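Protein chains in written order, with this note's numbering: chain A, 975 to 1208; chain B, 975 to 1208. Heads up, the beta-carbon is just placed ideally off N, CA and C, and yes, glycines get one too. A quick note: this is a predicted structure, and the numbers were derived from the prediction, not measured. This report refers to the structure that appears directly beneath it.
Number of protein chains: 2
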Amino acid sequence: MAKAEAVKKPQGKAGAARAPVVHEEVFERLRRAIIAGQLEPGRALSVRGLATQFGVSAMPAREAIRRLVALNALELTPTRRVMVAQMSPGKIDEITEARIALEPLIAARALKAVGDDPCAREDLVTKLSAIDDELDEAIVQGDAESYSRLNSDFHFALYETARAPVLLGLVESLWLQVGPFMRVVVGRLGTTALVDQHKEALEALRAGDARKLKSAVRLDILEGMKNIRGARLS
Amino acid sequence: MAKAEAVKKPQGKAGAARAPVVHEEVFERLRRAIIAGQLEPGRALSVRGLATQFGVSAMPAREAIRRLVALNALELTPTRRVMVAQMSPGKIDEITEARIALEPLIAARALKAVGDDPCAREDLVTKLSAIDDELDEAIVQGDAESYSRLNSDFHFALYETARAPVLLGLVESLWLQVGPFMRVVVGRLGTTALVDQHKEALEALRAGDARKLKSAVRLDILEGMKNIRGARLS
DNA sequence: GCCGAAAGAATGTGATCACAAATACCGTGC
DNA sequence: GCACGGTATTTGTGATCACATTCTTTCGGC
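Here it is, written out as structure tokens:
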């Protein structure tokens, strides 16, 4: 049983607030893996399995799992075993409805957050464009895994600039539920069939047009979720 | 230090699906307490404190706290201590925006869920009316605690009939964040100053008018959140 | 050959201990 | 009187053990 090499560094990366406690490290890595679609729906997880996989003891794995269950990213079987959440037609409808209700809002907030400062807006557009270029590259390469990761990177790079932690938390919970399916769908349909509204969103950002931005986000969601709905659900 | 008297009984109380494991019991009681506003914002919680208070060991308390932190109901200080989430003007705006985006949706889904069956609709109206009557009683009595509890009971009795677990989870997360403040505000303003749109919502339900129902929910949220915004934030 | 029961492994959950960090408390010094 | 410093307590976190339940595998019977 690996002893986990307790990372002690005071962590000078972000602000300064939090040291990377083990169970948060596990949670974050697992969270990213789920949003990026690296874990297929229905995939069974176990406390001890995760613990050995991450080289930690059972406790941090338990806490990470508990958090992800609370966020509806993981599901409990009637016997309390844990798996990556399954999808259902009803859930697709709900998630689509919720995403369309929330993501345009947070996108508009992001625009407003950088609206005062033209320099900040330029920075945001530059960052998003870079991600979108990589995204296009992943599409022509047919790299489904990179596509899933970059697509979420694009959206959350936009959403995070809104500095709206409550809304962001809700949206993250939704992405944690669609992530595994997006990945499965992309794997089946291939990347070439994918269309997104990222170019339109970028244009709206440059123009400072909130209405157009919200519309682009809305369409992007509708198209993405339509693919999920169209795919056969295991 | 109470030794927790390990409850061993196989527990055949509820339906049949899930045995009420200790940590879920703790979570549920804590969750209800927060939504009902029984814990004031900023109130410090500790693993061992909760454990002794509920007569259990530290482990179930830890898991319950972890879940509520994931739902943004509890907050972590920079030193990883736990408290009931604080409010801020920005958070009020976010929560208001999210509630208005989501709760009318789930209310309309509830109406649609009972729409086919006039008998079911009647049952729902009857149940909600009963709660609302108690609510009115609590208002004239000036019973702030009962008011908070019954107000959340009213909304969630409506929302739960929508059978939309994803949306419900999002809304619950939001209520977990407003609960403590609603209670504080009611305690300051008194119950007599309160206005809600429950009567209008019931009328819309009876008439099967989704548009009117959504409008009533929207107004109810706006009025409630306006009170919170108006109150001084400690 | 297939179904079912029994044995073995794996898993979730609760309890408890150890340790470091943070907080609270208290007394001393100025 | 008040600020400072040191001690004692509280607290979060990780680790490990015990136990009941569940899943898996295997073997025997028909």
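query: Neighbourhood of glutamate 1174 of chain A by C-beta, 6 angstroms cutoff - its chain only, sequence neighbours within 5 removed; result: Ala1190
query: Cβ pair valine 1000 of chain B, valine 1030 of chain B closer than 8 angstroms; result: yes
query: Neighbour flag for glycine 1143 of chain B against chain A, beta carbons, 8 angstroms; result: yes
query: Chain A within 8 angstroms of alanine 1020 of chain B, Cβ atoms only; result: Note that residue 1020 of chain B is serine in the sequence shown, not alanine. No, its Cβ sits nowhere closer than 8 angstroms to a Cβ of chain A.
query: 7 angstroms Cβ shell around tryptophan 1149 of chain B - same chain, five flanking residues per side excluded; result: Ile1009, Ser1126
query: Which residues DSSP lists as bridging leucine 1098 of chain A, in chain order; result: The partner list for leucine 1098 of chain A (beta bridge, DSSP) is empty, contrary to what the question assumes.
query: Sub-8 angstroms separation of leucine 1142 of chain B and isoleucine 1069 of chain B beta-carbons; result: no
query: Chain A residues whose Cβ lies nearer than 8 angstroms to that of arginine 1040 of chain B; result: Glu1037, Arg1040, Arg1041, Ala1044
query: Other residues of its chain near glutamine 1050 of chain B: CB distance less than 7 angstroms, five sequence neighbours each side excluded; result: Sequence inspection shows leucine at residue 1050 of chain B; the glutamine mentioned does not correspond to that position. Result list for leucine 1050 of chain B: Val1043, Val1056, in chain order.
query: Glutamate 1014 of chain A in three-state terms, based on DSSP; result: coil
query: Contact test: glutamate 1134 of chain B Cβ vs the ligand GDP heavy atom, cutoff 7 angstroms; result: Judged by which ligands are present, the structure shown has none, so any question about the ligand GDP falls away.
query: Local conformation of valine 995 of chain B per DSSP, three classes; result: coil
query: Close beta carbons around methionine 975 of chain A, own chain, < 6 angstroms, minus the five adjacent residues each side; result: Only weak support is given to the placement of methionine 975 of chain A: the predicted model assigns it a pLDDT of 35, under 50, and the value that follows is read from those uncertain coordinates. Excluding sequence neighbours, methionine 975 of chain A sits near nothing in its chain.
query: Same chain, Cβ closer than 7 angstroms to leucine 1013 of chain A, five either side skipped, listed in chain order; result: Ala1007, Val1058, Pro1154
query: Leucine 1098 of chain B versus alanine 1178 of chain B - alpha carbon distance; result: 12 angstroms
query: Straight-line Cα distance separating alanine 1082 of chain B from asparagine 1201 of chain A; result: 26 angstroms
query: Beta-carbon contacts of aspartate 1107 of chain A that lie in its chain and below 6 angstroms, excluding the five residues immediately before and after; result: none
query: Candidates B/Ala1084, B/Ala1072, B/Thr1100, B/Val1169: closest to alanine 1112 of chain B by CA position; result: B/Val1169
query: Interface partners of valine 1056 of chain B on chain A, CB under 7 angstroms; result: The contacting residues do not exist; valine 1056 of chain B stays about 13 angstroms from chain A at best.
query: 7 angstroms Cβ cut-off: residues of chain B touching leucine 1079 of chain A; result: Glu1071, Ala1075
query: Cβ neighbour criterion (16 or more within 10 Å) applied to valine 1160 of chain B; result: buried
query: Start-end ranges of the beta strand (DSSP E) lying completely within the region 1006-1087 of chain B, minimum 3 residues; result: 1048-1050, 1056-1058
query: Beta-carbon gap between alanine 1084 of chain A and leucine 1144 of chain A smaller than 8 angstroms; result: no
query: Cβ pair leucine 1176 of chain A, leucine 1102 of chain A closer than 8 angstroms; result: yes
query: CA-to-CA distance, threonine 1053 of chain B to serine 1020 of chain B, given in whole angstroms; result: 13 angstroms
query: Residue of A/Gly1016, A/Gln1151, A/Glu1037 minimising C-alpha distance to alanine 1025 of chain A; result: A/Glu1037
query: Contact list for alanine 1138 of chain A against chain B, beta-carbon separation under 7 angstroms; result: Glu1068
query: Alpha-carbon to alpha-carbon, alanine 1138 of chain A and arginine 1192 of chain B; result: 21 angstroms
query: Contact with chain A by serine 1189 of chain B, beta-carbon distance below 8 angstroms; result: no
query: Glutamine 1151 of chain A - containing alpha helix (DSSP H), residue span; result: 1139-1163
query: Within chain A, the residues that lysine 1065 of chain B reaches when beta carbons sit closer than 7 angstroms; result: Val1140
query: Serine 1031 of chain A: contacting residues in chain B (beta-carbon distance under 7 angstroms); result: Per Cβ cutoff of 7 angstroms: no residues; serine 1031 of chain A is ~14 angstroms from chain B at best.
query: Ranges of the alpha helix (DSSP H) found wholly within the region 1162-1195 of chain A, counting only runs of at least 4; result: 1172-1181
query: Residues within the region 1144-1159 of chain B neighbouring chain A, beta-carbon criterion of under 8 angstroms; result: Leu1144, Ser1147, Leu1148, Gln1151
query: Alpha carbon of valine 1088 of chain B to alpha carbon of arginine 1003 of chain A, nearest angstrom; result: 42 angstroms
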